[in-house]
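Asker: Please see the structure below; I have some questions.
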Amino acid sequence: MSGTSVVNALAVLLILTSMLVVETRKLRRAAYMYSIQSLVLVAIFLSLAVFMQAEPLYIWSITALITKTFLVPYLIIRTLKTVGNQEEEGPALETSSSIFLAVGLVALSFVIVEPFHMHAVLKLKVALAVSIAHFLLGLLCILARRNALKQILGYCLMENGSHLTLAIMAYNAPETVEIGILTDAVFAVLIMTIIARRLFKVFGTLDTDKFTLLKG
Amino acid sequence: MIEVGENILFYLPAVPLGTALLAFGIRSRRMVEVVHFAGISSVALLSLLLVQYVLRGQTLLALDGMLYADGLTALLVLIIGVVGFLDGFYSIGYLRHDLAQGQVDAKGACFYYGFYHLLLLTMVLAAISNNIAIMWVAIEATTLGSAFLVGFYKHKTAAEAVWKYVLICSVGLAFALYGTILTYSSAFAVVQDAHRAMLWTELVGMARGLDPQVMKLAFVFILIGYGAKVGLVPMHTWLPDTYSEAPSPVSALLSGVLMKCVLFGILRYYPITLQAVGKEFPQTLLLIFGLLSVGVAAFFILVQNDIKRKLAYSSVEHVGIIATGLGAGGPLGILAALFHVINHSLTKSLLFCTVGNVARKYGTRDAQKIRGMLKVAPFTGFMFMAGLLAVVGAPPFSIFVSEFMTLAAGLQGGYFWPMILFLVLLVIVFVAFIILISDTVLGFPPEDLPRGDAGWLCLLPLGILFLLMAGLGIHVPAPLNQLLQGAVSVVLGGK
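Line by line, the protein sequences are chains A and B. Start counting the first sequence at 1; every next residue gets the next number (the UniProt record's numbering). Start counting the second sequence at 1; every next residue gets the next number (the UniProt record's numbering).
Structure representation (C-alpha cells):
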C-alpha cells in the first residue's frame with residue numbers, strides 16, 4: 001500500500017469517527033468518541049510524517065496526542081461531572097438525514113479543493129477534501145445540535161478539520177505557528193466549558209434553545 | 001527624545017503583559033488602580049512614540065521580521081493607545097461605583113483590570129505581528145481574553161451573551177484560519193520558503209504571482225471569518241447581546257478598539273487580494289456585506305427600545321459604512337474608511353461610556369423610561385446628545401466628513417444606485433436617533449429622580465473623547481493626515 005492510500009484511508013476513517021461524535025447522544029460517550037477520532041488524526045500526522053518525510057509532523061503528532069486525545073476530552077468530562085451526564089433530548093436531526101448531509105458536505109469539499117494545483121497538495125487531494133468536509137461537519141454539529149457541550153464538541157471537530165488541512169498544506173510552517181494555534185484551541189475549549197458550567201448554574205440546563213433572554 | 005528604535009515593538013506588548021500579571025497578583029483596590037493607570041498611560045505613550053517613528057518614514061522590523069510596524073500599524077496602535085487609555089480611565093470611576101454598591105469585590109476589580117490589560121496585549125500583538133498566522137492567533141486570543149470582561153456581571157443574560165460571543169466568534173475565526181492557511185500555501189508554492197511565505201511584507205511583494213483561484217477562496221474565508229468578529233451581517237448575531245450585556249467601558253473598548261483590530265486583519269489581506277485577483281472581486285464582496293450591514297442595522301436601530309442595543313446595532317451599521325468605503329475603493333474610498341475607523345472609535349467609546357452613566361442614573365436602559373436627561377444630569381445629557389448627533393453624521397462632527405467621503409468615493413467608483421441606497425439607509429438611522437434624542441435627552445424627567453451628575457472620574461474621560469471627536473470634525477492635524485495618507489498607501493499597494 002502506498003503512502004498516499006494509507007493517508008487517504010485514514011482520512012475516511014476520520015469522517016466515520018466524527019459521524020460517531022455527532023450521532024452519539026450520551027455526552028460522556030461522545031467525548032470518548034472524540035478522543036478516538038483525535039487518535040486517528042494523530043495516526044494521519046504520523047503517516048504523513050513517514051511518507052512525505054515531513055519531520056515537523058512527528059512533533060505535531062505528539063502535541064496533538066496530548067492536547068486532543070487527552071486534554072480536551074478531559075475538560076469535557078470534568079464539566080460533565082459538575083453538570084451531570086447529559087443526554088441530548090428532543091427530536092434532533094434523524095441519523096439517516098445527517099448521514100445524507102454528511103455525504104453532501106464531503107461532495108462539496110471535493111468541489112472546493114478542485115482548483116488547487118499546488119504541488120504538495122496534488123497527491124493528497126482526497127485527504128484535503130476530507131479535512132474540509134470534517135470542518136463543515138463540525139459546523140453542522142454546532143448548528144443542528146442544541147446541547148452546549150455538544151456544540152463545544154462540534155467546535156473541536158471543526159478544529160480537527162482545520163488542523164488536518166494545516167498539516168497537509170502547511171506542515172513546514174514555523175513551529176511557533178502550530179504552538180500558537182493549539183494553545184488557542186485548548187484555551188477556547190477551556191473557556192467554553194467554564195461558560196457552559198455557568199450557564200448550567202444559572203439556567204439549570206445546557207439546552208441552548210432555552211437561552212432566549214436576549215432577542216432582537 | 002528617547003531613542004528606542006525597534007525595541008518599541010517589544011515594549012508595546014511587554015507593558016500590558018507586565019501590568020496584567022501585576023493586577024492579577026494584587027488584592028487591594030487602591031493599588032490596582034494605580035497599576036492600571038500607569039499601564040494604560042504607558043501604552044498610550046508608547047503608541048504615540050511608535051506613531052512618531054513611522055511618521056519619520058521608518059518602518060520597524062524585529063524578531064526576524066515577525067514583528068512589524070508601518071503606517072497602517074501605527075494608525076491602529078494609536079487607536080489602541082489613546083482610546084484604550086480613555087476607556088480604561090473611565091473604567092476606574094465605573095468600577096468604584098460597583099465596588100461601593102457591593103456588586104463587585106476588590107478581587108473582582110483586580111481581575112477586571114488584569115483582563116483589561118490582557119486584552120490590550122492581544123490587540124497590540126494583532127496589530128504589530130507581520131506573520132499572518134500569529135496575527136490570527138492574536139485575534140483569536142482577543143476573544144478569549146475579553147470573555148471574562150464580557151461576562152463580568154453574574155446575571156443570567158450576561159452568561160447567555162458571553163456564550164454566544166465566544167462560540168460564534170471562535171467558529172468564525174476558524175474560517176479565517178482556513179483563509180490564512182490557503183494564503184500561506186499559495187505563497188509557499190511561489191517562494192518555497194516556509195518562513196517568508198507567512199510574512200505579510202513578503203506576501204504583498206509577491207501577490208501578483210499568487211494563484212488567483214486560491215486567493216479568491218482565501219479572501220472569502222477571511223471576510224467571513226474576521227467579518228464575524230467585526231459584526232458584519234449576517235454573522236453579527238452575537239454582537240448586540242455582547243455589547244449590551246458587557247460593562248459599559250468594556251462595550252466601549254470592544255466597539256471602539258477591538259473591532260478595529262479585527263478589521264485591520266481584513267485590511268491586511270486587501271492589498272494582497274487586490275493584486276492577486278484584481279479589484280472587482282474584493283470590492284464587490286465588501287460592498288455587498290457593507291450595504292447589507294447598514295441596512296439590517298438601520299432597521300434594528302429603529303425598532304429597539306434598549307438604548308445600549310441601539311448603540312450596538314449602530315456599531316454594525318458603522319462597520320457596514322467602513323466596508324462600503326473599502327468596497328468603493330480607490331484612494332478616496334480607503335481614506336474615507338480609515339478616517340471613519342478613527343471617528344467611530346472616538347464617538348462610540350463616548351456613547352457607550354455615557355450610557356454607563358445614564359443607565360446608572362435611571363436604573364434602566366429602556367428608551368421609553370428615560371426622560372429629561374439634560375435636566376437630571378446636564379453634563380452626561382449633553383455628551384449623550386453630542387455623541388448621538390455625531391454618530392448619525394451631523395456636521396460639524398467628524399463622522400459627517402468620513403461618511404461624505406465614502407459617498408463621494410462610491411459615486412466616483414461608478415456605484416450610483418448602491419450609493420443612493422446607502423444614503424436612504426443613513427437617513428433612516430438619522431431619524432431613529434433624532435427620535436431617541438428628543439425622547440431621552442429632552443423632555444421632563446420623572447419627578448422622584450434626584451438631580452445630579454456622575455462623579456468627575458466618570459465625566460472627565462467623556463469630556464476628552466468629546467473634544468477629540470469635535471476637534472477632528474473641524475480640523476485634521478497635519479501629523480494625523482500624514483499618518484492616514486501613509487496608511488492608505490499601505491492598503492492600496494503594501495508600501
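Just so you know, even glycine gets a beta-carbon here, dropped at the ideal spot from N, CA and C. This structure is a prediction, so every number in the text was calculated from the model and none was measured.
(1) Check whether the Cβ atoms of B:Ile40 and B:Gly84 lie closer than 9 Å to each other.
(2) Within 10 Å of its beta-carbon, does B:Val490 have 16 or more other beta-carbons around it, so buried, or fewer, so exposed?
(3) Hey, which unbroken runs of the alpha helix (DSSP H) at 4 residues or more fall wholly within the region 52-90 of chain B?
(4) Please go through the same chain and pick out, in chain order, the residues whose beta-carbon is closer than 6 Å to the beta-carbon of B:Tyr113, but skip the five residues on each side of it.
(5) Thinking A:Asn85 and A:Lys26 are a contact (beta carbons under 8 Å), I'd like their distance in whole angstroms, please.
(6) Is there at least one Cβ from chain A nearer than 9 Å to B:Ser345's Cβ?
(7) Taking 9 Å as the CB-CB cut-off, is A:Leu139 touching chain B?
(8) Alpha carbon to alpha carbon, how far is B:Leu389 from B:Met405? Give it in angstroms, no decimals.
(9) Under the three-state reduction of DSSP, which class applies to A:Asp207: helix, strand or coil?
(10) Would a C-beta distance cut-off of 9 Å place B:Val358 and B:Ala336 closer than the cut-off?
(11) Hey, does A:Tyr155 have any beta-carbon neighbour from chain B nearer than 9 Å?
(12) I'd like the span of the alpha helix (DSSP H) that includes A:Trp60, first residue to last.
(13) I'd like to confirm the pairing. Which residues does DSSP put opposite A:Asn160 in its beta bridges?
(14) Give every residue of the same chain whose Cβ lies closer than 8 Å to the Cβ of B:Val4, excluding the five residues on either side of it in the sequence, and list them in chain order.
(15) In whole angstroms, give me the CA-to-CA distance for A:Val12 and A:Ser131.
(16) Quick check on B:Pro16 - is its C-beta less than 9 Å from some C-beta in chain A?
(17) Does B:Ile474 pass the burial test, meaning 16 or more other C-beta atoms within 10 Å, or should it be called exposed?
(18) Listed in chain order, which residues of the region 166-182 of chain A have Cβ atoms closer than 8 Å to some Cβ of chain B?
(19) Which chain B residues are close to A:Glu159, counting only those with a beta carbon under 8 Å from its beta carbon?
(20) Just by C-beta distance, which residues in the region 141-152 of chain B are closer than 9 Å to chain A?
(21) Write down the C-beta distance between A:Leu199 and A:Thr165 rounded to the nearest angstrom, noting that I regard them as a contact closer than 8 Å.
(22) Does chain A have any CB closer than 9 Å to the CB of B:Val137?
(23) Can you tell me where the alpha helix (DSSP H) holding A:Glu94 begins and where it ends?
(24) Helix, strand or coil, according to DSSP, for B:Asn343 in the structure here?
(25) On a CA-only basis, which of B:Ile464, B:Val162 and B:Gln52 is nearest B:Gly486? Give me that one, please.
(26) Using the C-alpha atoms, what's the distance from A:Val22 back to A:Asn147?
(27) Taking the alpha carbon of B:Ala298 as the point to measure from, which residue in B:Leu263, B:Val319 and B:Ala38 has its own alpha carbon closest?
(28) Once DSSP output is grouped into helix, strand and coil, what is the label at A:Glu114?
(29) Which chain B residues sit within Cβ distance under 9 Å of A:Met19?
(30) Verify whether the separation of the beta carbon atoms of B:Leu210 and B:Ala276 is less than 9 Å.
(31) Between which residues of its own chain and B:Ile428 is the CB-CB distance below 7 Å, once the five residues before and five after are set aside?
(32) Anything in the region 84-109 of chain B with a Cβ closer than 9 Å to a Cβ of chain A? List those residues in chain order, please.
(33) How about A:Lys162: is its C-beta nearer than 9 Å to some C-beta of chain B?
(34) Give the interface partners of A:Leu206 over in chain B, defined as CB-CB distance under 8 Å, in chain order.
(35) Applying a beta-carbon distance threshold of less than 8 Å, which residues of chain A neighbour B:Glu280?
(36) Who are the neighbours of B:Glu202 on chain A, taking C-beta pairs under 9 Å?
Answerer: Looking at the atomic coordinates:
(1) Here the question's residue 40 of chain B lines up with position 40 in the second sequence. Here the question's residue 84 of chain B lines up with position 84 in the second sequence. Contact: yes.
(2) Here residue 490 of chain B corresponds to residue number 490 of the second sequence, with the count starting at 1. Flag for B:Val490 reads buried.
(3) The region 52-90 of chain B contains no complete alpha helix (DSSP H) run of 4 or more residues.
(4) Here residue 113 of chain B is taken as the residue at index 113 of the second sequence, counted from 1. Here the set comprises Ala23, Val32 and His36.
(5) Numbered from its first residue, the first sequence carries residue 85 of chain A at position 85. Numbered from its first residue, the first sequence carries residue 26 of chain A at position 26. Confirmed, about 7 Å.
(6) One-based indexing of the second sequence puts residue 345 of chain B at position 345. For B:Ser345, no Cβ of chain A is located within less than 9 Å of the residue's own Cβ.
(7) Within the first sequence, residue 139 of chain A is the residue found at index 139, counting from 1. Under the 9 Å criterion on CB atoms, A:Leu139 is classed as interfacial with respect to chain B.
(8) For the purposes of this step, residue 405 of chain B is taken as the residue at position 405 of the second sequence. For the purposes of this step, residue 389 of chain B is taken as the residue at position 389 of the second sequence. Whole-angstrom Cα-Cα distance: 18 Å.
(9) The residue you call residue 207 of chain A lines up with position 207 of the first sequence. Residue state, collapsed to three classes: strand.
(10) Residue 358 of chain B sits at position 358 when you count from the first residue of the second sequence. Residue 336 of chain B sits at position 336 when you count from the first residue of the second sequence. No, the pair does not count as a contact, with Cβ atoms beyond the cut-off.
(11) If you number the first sequence from 1, residue 155 of chain A lands on position 155. It does: the Cβ of A:Tyr155 has a partner Cβ on chain B nearer than 9 Å.
(12) Your numbering for residue 60 of chain A matches position 60 in the first sequence. Annotation: the continuous alpha helix (DSSP H) that includes A:Trp60 extends over Pro56 to Ala64.
(13) Within the first sequence, the letter at position 160 stands for residue 160 of chain A. A:Asn160 pairs with nothing; no bridge assigned.
(14) Position 4 of the second sequence, counted from the first residue, corresponds to residue 4 of chain B. Here the set comprises Tyr11 and Leu49.
(15) Here the question's residue 12 of chain A lines up with position 12 in the first sequence. Here the question's residue 131 of chain A lines up with position 131 in the first sequence. One C-alpha to the other measures close to 10 Å.
(16) Walking along the second sequence from the start, residue 16 of chain B turns up at place 16. Taking Cβ atoms only, chain A never reaches closer than 9 Å to B:Pro16, which makes this a no.
(17) Position 474 of the second sequence, counting from 1, holds the residue named residue 474 of chain B. B:Ile474 comes out exposed.
(18) Going along the region 166-182 of chain A in chain order, one finds Leu166, Met169, Ala170, Asn172, Ala173, Pro174, Thr176, Val177, Gly180 and Ile181 with a Cβ nearer than 8 Å to chain B.
(19) Start at 1 with the first residue of the first sequence, and residue 159 of chain A comes out as number 159. What A:Glu159 touches in chain B: Ala174.
(20) Answer in chain order: Ala141, Thr143, Leu144, Ala147, Phe148 and Gly151.
(21) Position 199 of the first sequence holds residue 199 of chain A. Position 165 of the first sequence holds residue 165 of chain A. Contact between A:Leu199 and A:Thr165 is absent: CB atoms are separated by about 31 Å, not below the 8 Å threshold.
(22) Here residue 137 of chain B refers to the residue found at position 137 of the second sequence. Yes, contact with chain A.
(23) The sequence position of residue 94 of chain A within the first sequence is 94, counting from 1. Unbroken run through A:Glu94: none, as it is neither H nor E.
(24) In the second sequence, residue 343 of chain B corresponds to position 343, counting from 1. In the three-state reduction of the DSSP assignment, B:Asn343 falls in the helix class, which pools H, G and I.
(25) By 1-based counting over the second sequence, the position of residue 486 of chain B is 486. Among B:Ile464, B:Val162 and B:Gln52, the Cα nearest to that of B:Gly486 is on B:Gln52.
(26) As a first step, residue 147 of chain A must be located in the first sequence, where it is residue number 147. As a first step, residue 22 of chain A must be located in the first sequence, where it is residue number 22. About 11 Å.
(27) Along the second sequence, one-based indexing puts residue 298 of chain B at 298. Nearest option by C-alpha distance: B:Val319.
(28) Taking the first sequence and counting its residues from 1, the one referred to as residue 114 of chain A is at position 114. Coil at A:Glu114, not helix or strand.
(29) Locating residue 19 of chain A in the first sequence gives position 19, counting from the first residue. Chain-ordered listing is empty here: chain B has no CB closer than 9 Å to the CB of A:Met19, the nearest sitting near 19 Å.
(30) Sequence index remark: in the second sequence, residue 210 of chain B carries index 210 (1-based). Sequence index remark: in the second sequence, residue 276 of chain B carries index 276 (1-based). Remark: C-beta atoms of B:Leu210 and B:Ala276 approach each other more closely than 9 Å.
(31) One-based indexing of the second sequence puts residue 428 of chain B at position 428. Excluding positions up to five away in sequence, the list reads Ala298 and Leu302.
(32) The region 84-109 of chain B vs chain A, Cβ under 9 Å: nothing.
(33) Residue 162 of chain A sits at position 162 when you count from the first residue of the first sequence. Here the sequence assigns Ser to residue 162 of chain A, which means Lys is not the residue at that position. True, the Cβ-Cβ gap to chain B drops below 9 Å.
(34) Here the question's residue 206 of chain A lines up with position 206 in the first sequence. Result: empty, since nearest Cβ-Cβ is about 10 Å, beyond 8 Å.
(35) In the second sequence, residue 280 of chain B corresponds to position 280, counting from 1. The CB of B:Glu280 never comes closer than 8 Å to any CB in chain A; the least such distance is about 18 Å.
(36) Sequence index remark: in the second sequence, residue 202 of chain B carries index 202 (1-based). Close partners of B:Glu202 in chain A (Cβ separation under 9 Å) are lacking, with about 13 Å as the shortest Cβ gap.
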